[in-house]
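To keep things clear, I will list the structure first and then write my remarks on it.
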Amino acid sequence: EVYFKNLSKQKQKEVMEKNGNNRKLRVCVATCNRADYSKLAPIMFGIKAEPQFFELDVVVLGSHLIDDYGNTYRMIEQDDFDIHTRLHTIVRGEDEAAMVESVGLALVKLPDVLNRLKPDIMIVHGDRFDALALATSAALMNIRILHIEGGEVSGTIDDSIRHAITKLAHYHVCCTRSAEQHLIAMCEDHDRILLAGCPSYDKLLSAKNKDYMSIIRMWLGEDVKTRDYIVALQHPVTTDIKHSIKMFELTLDALISFNKRTLVLFPNVDAGSKEMVRVMRKKGIEHHPNFRAVKHVPFDQFIQLVAHAGCMIGNSSCGVREVGAFGTPVINLGTRQTGRETGENVLHVRDADTQDKILHALQLQFGKQYPCSKIYGDGNAVPRILKFLKSIDLKEPLQKKFCFPPVKDNISQDIDHILETQSALAVDLGGTNLRVAIVSMKGEIVKKYTQLNPKTYEDRLELILKMCVEAALEAVNVNCRILGVGISTGGRVNPREGIVLHSTKLIQEWSSVDLRTPISDALHLPVWVDNDGNCAALAERKFGHGKGVENFVTLITGTDKINVLQNCDLSKLYFFFFGIIHQHELIHGSSFCAAELGHIVVSLDGPECLCGSQGCIEAYASGIALQREAKKLHDEDLLLVEGMSMKKEEVVSAAHLIQAAKLGNTKADSILRTAGTALGLGVVNILHTMNPSLVILSGVLASHYVNAVKDVINRQALASVKTVDVVVSNLADPALLGAASLVLDYTTRRIY
């Protein structure tokens, strides 16, 4: 609430003046059960926090008011909301006929309530039969409807109800890009669709209850440890009640055999729930020492329970949606969530004739930890929804307009603030500078931040987190949806675990460092890590000359422009970085040491390399090697020629050597030709080993080496590889683009 109170008021004021209507928007929020309240509560808090713009009326109906389902209306009162109307609308019986009668009873009672409240807009959530009654009543009484979570796909009758509400609703708030496309395909007006994310994620991603152990012990017992218990939540499938009850019975048998402490929540009020409760009691679940059976858990506590569980099992939408935010393993049973978008933490058991298949799934999933998934939201849904509500013009005609013809035409006609650009946070960690950027799917660097790289591990990690948080907040303002974090760093990296094994000498305290865990935990985003050379290869594959090429090699010779070479990141200038793409995939090697091509020996008695060997490519052609030779010439007064000058305090660099060669210094030119020959010999070795069709030279020294490399290939390479293309990269920032590629490629392919 404090967050929403601190939001800027100016833009909202302008909207009200534009509408020529200074009165408050009267919003009615109707909640039917514990599940929809978890999604509606963040919106209600946001509305309540801005009384100068909104009047909030809360209507409670459905299973909220039934003792067997926990009297969950009390949690609404505990959240300090005034309940304006309570409607008892559930006809008991828990079968198909009872569901129909409940809808009818709600339709009889709602008109009087809506006539009394006279809301400007009603907010309806989801796909429950209660919500269908709400939407039908509001539509027939000419009340505008805002539908939350339309466009999604799942199993059971809920699918049909959800889409029916969509056709009745005037405005739509959806959670995923696919749901948005479904709404457009259903001919809904694109201007009235908001891709906001799931409101519950605003609470999920900010949940930092340090005393979660007391919650776990309260619900599961004093002797339970984190990641060593199961949360089970299974509902009847209304289109196949008999089979869903059988599946529930097999689930309980498997959980009994698995022998882990389990919290079982009672099913919802749908047809078949009474039979499921009978199955629980028949198997003695309420008295079994390993089980705790409860009707309701407050949402704040439920978040902590699933966040620290060893596994969640059942067919609740919570398992495939909210739980992914914590990376908790989930076993989704049956067809109730068929079609839902899921993260990699979800294992599906579509059908089971015995408990063995479910038991095997438990053995596979229990205790794992997956990357946090943000398919359904990034924690900023409510600000978007409030902004959307304020933009509603009550003077517009109430009659809905459906948009024909096909979807693609509609998409191309209107791209505005409703659409967001899928993007990545890219981190480039060098010896001198630490850079963070927001990079779009098209490779555009939307925003970039640069700081000096701290010398200690603690300060460095703190700065990375600070810069990433700042960039993530800015992403909302620049209309970007962050899919994950990609990190490019010097040294040898284990990308599977996100660990820097050991780094270059210029990055201190940077060995055996787990980067993925702290950053993923802090940002609630998946994190990928790789070294500079590999990231450069990925950048070329996605955005550069390597796009569509099956086999190629990338060589980075430095990152900054030659006229500012003295001020560039030393770690990027001093060393060579290589990356190999083979059959469209990046090569890491068995110990993640592939593509260390800078240490190919091209002369047994050559100059000493920083790796301790002699005659490596880096010892000849890297920035530090050229700087070493430039200093020798300068000490012998053989560097400066006519047209060159140096200040007394100026440090001799590779830039001076290159400038001298351009101005006719034969000794400087000889050093550069030797360096180019050494690099060319290394490239020839690569051609004879990997046989790529393309070699990409990238970085500040690339243009100075490209001709020398081509000459050496023509002289030294086998005839069958001389046709290789050698080109200079056209990418301005391969390190950041490569770090972004880690995210953009793998999130879209659903591979981690």
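FYI, the numbering for the sequence shown is 1 to 752, going by full-length UniProt numbering. The beta carbon of each residue, even a glycine, is placed where N, CA and C say it ideally should be. Computed from a predicted structure; not experimentally measured.
Give me the Cβ distance between residue i and residue j, rounded to the nearest whole Å; I'm assuming they're in contact under 8 Å.
i      : j      : result
ILE285 : ILE313 : About 14 Å separates the two Cβ atoms, so there is no contact after all.
CYS611 : VAL601 : No, CYS611 and VAL601 are not in contact; Cβ-Cβ is about 10 Å, not under 8 Å.
ARG398 : ASN142 : The residue asked about is misnamed: residue 398 is Leu in this sequence, not Arg. Indeed they touch by this definition, with Cβ atoms about 6 Å apart.
LEU105 : THR89  : 5 Å
TYR449 : GLU509 : Contact flag wrong, Cβ pair sits at about 22 Å.
VAL485 : ILE519 : 6 Å
LYS374 : ALA424 : Not a contact, Cβ separation roughly 12 Å.
ARG292 : LEU333 : With 8 Å as the limit, ARG292 and LEU333 do not qualify as a contact, their Cβ atoms being about 20 Å apart.
ALA196 : LEU168 : Incorrect: roughly 20 Å between the Cβ atoms, too far for contact.
TYR212 : HIS308 : 6 Å
Quickly, what does DSSP pair residue i with across the bridge? List them, please.
i           : result
ARG86       : VAL60
GLN614      : GLU608
PHE54       : LEU25
ARG314      : Note that residue 314 corresponds to Gly in the displayed sequence, not to Arg. Looking at the DSSP assignment, GLY314 forms a beta bridge with LEU233, ASN332.
TYR620      : TYR620 pairs with nothing; no bridge assigned.
GLY486      : ALA426, TRP528
ALA30       : VAL59
ASP514      : ILE499
LEU188      : It should be noted that the sequence gives Glu, not Leu, for residue 188. Paired residue(s): none; GLU188 is not in a bridge.
CYS198      : BP columns for CYS198 are empty, so no partner.
GLN451      : LEU434
ASN494      : ILE499
LEU727      : As written in the sequence, residue 727 is Val, which differs from the Leu given in the question. Answer is ILE696.
residue 759 : Given that the chain is displayed from residue 1 to residue 752, the structure contains no residue 759 and the question cannot be resolved.
TYR171      : LEU146
MET122      : CYS28, ILE145
Leaving out the 5 sequence neighbours to the left and right, which residues in its chain are closer than 7 Å to residue i when beta-carbon positions are compared?
i      : result
ASN494 : LEU501, PHE592
GLU629 : LEU657, ILE671
ARG336 : SER154, GLY155, THR156, HIS235, VAL237, ASN315
What residues in its chain sit with their C-beta under 8 Å from that of residue i, if we drop five residues either side in the sequence?
i      : result
LEU359 : ALA254, SER257, PHE258
VAL706 : LEU697, VAL726, VAL727, VAL728
GLU55  : LYS24, LEU25, ARG26, VAL27
VAL113 : VAL59, THR85, LEU87
LEU40  : VAL29, THR31, ILE123, HIS125, ILE148, PRO199
MET690 : ASN551, VAL553, ILE580, HIS582
For the candidate residues the options, whose alpha-carbon lies nearest to that of residue i?
i      : options                        : result
ILE658 : SER622, LEU250, GLU636         : SER622
GLU636 : ALA708, LYS667, ASP530, SER613 : LYS667
ASN345 : LEU473, THR354, PRO371         : PRO371
ASP82  : GLY104, CYS28, LEU107          : CYS28
GLY379 : PRO42, ASP745, LEU742          : PRO42
HIS172 : GLY70, VAL124, THR328, THR136  : VAL124
VAL695 : THR557, GLN355, HIS524         : THR557
ILE165 : LEU347, ASP130, LYS442         : ASP130
LYS447 : MET467, ASN433, HIS582         : MET467
LEU434 : LEU250, SER645, GLU462         : GLU462
GLY598 : GLY682, GLU474, PRO692, ARG128 : GLY682
ASP127 : CYS32, VAL224, CYS609, MET690  : CYS32
ASP532 : ALA595, ASP521, ILE445         : ALA595
TYR376 : PHE266, LYS203, ARG261         : LYS203
GLU396 : ASP228, CYS311, ASP191, THR354 : ASP191
ASP384 : ASP79, ARG715, ALA739, ILE47   : Looking at the sequence shown, residue 384 is not Asp but Arg. Selected option, being the one with the closest Cα: ILE47.
HIS296 : LEU265, GLU275, HIS688, THR517 : LEU265
LEU194 : LEU205, ALA352, PHE45, CYS174  : CYS174
ASN268 : MET99, HIS243, SER488          : MET99
ASP514 : THR489, MET441, ASN534, CYS535 : THR489
ILE161 : ALA135, ARG144, LEU538, ALA179 : ALA135
Going along the chain, which residues of its own chain have a beta-carbon closer than 6 Å to the beta-carbon of residue i, five neighbours each way excluded?
i      : result
LEU736 : ALA426, ASP428, ALA437
LEU638 : LYS667
TYR620 : ALA675, ALA678
HIS182 : GLY151
HIS545 : ILE696, VAL727
HIS417 : Confidence at HIS417 is low in this model, with a pLDDT of 40, below 50, so the placement of that residue is unreliable and no value is reported for it.
LEU117 : CYS28, ASP57
Shorter than 9 Å from the beta carbon of residue i to some beta carbon of chain B?
i      : result
VAL684 : The chain inventory of the structure shown lacks chain B, comprising one protein chain alone.
Consider the C-beta atom of residue i and the heavy atoms of the ligand MG; say whether any pair is separated by less than 8 Å.
i      : result
MET441 : With respect to the ligand MG, the structure shown offers nothing to examine, as it has no ligands at all.
For the structure I just gave you, are there three or more beta carbon pairs, one from the region 337 to 356 and one from the region 145 to 157, closer than 8 Å?
yes
With three or more beta-carbon pairs closer than 8 Å as the criterion, would you say the region 53 to 67 touches the region 154 to 168?
no
Pair every Cβ in the region 708 to 720 with every Cβ in the region 519 to 537, then say whether three or more of these pairs are closer than 8 Å.
no
Does the region 307 to 321 touch the region 227 to 241, meaning 3 or more C-beta pairs lie closer than 8 Å?
yes
Check whether the region 546 to 555 touches the region 575 to 586, taking contact to mean three or more Cβ pairs, one atom from each stretch, closer than 8 Å.
yes
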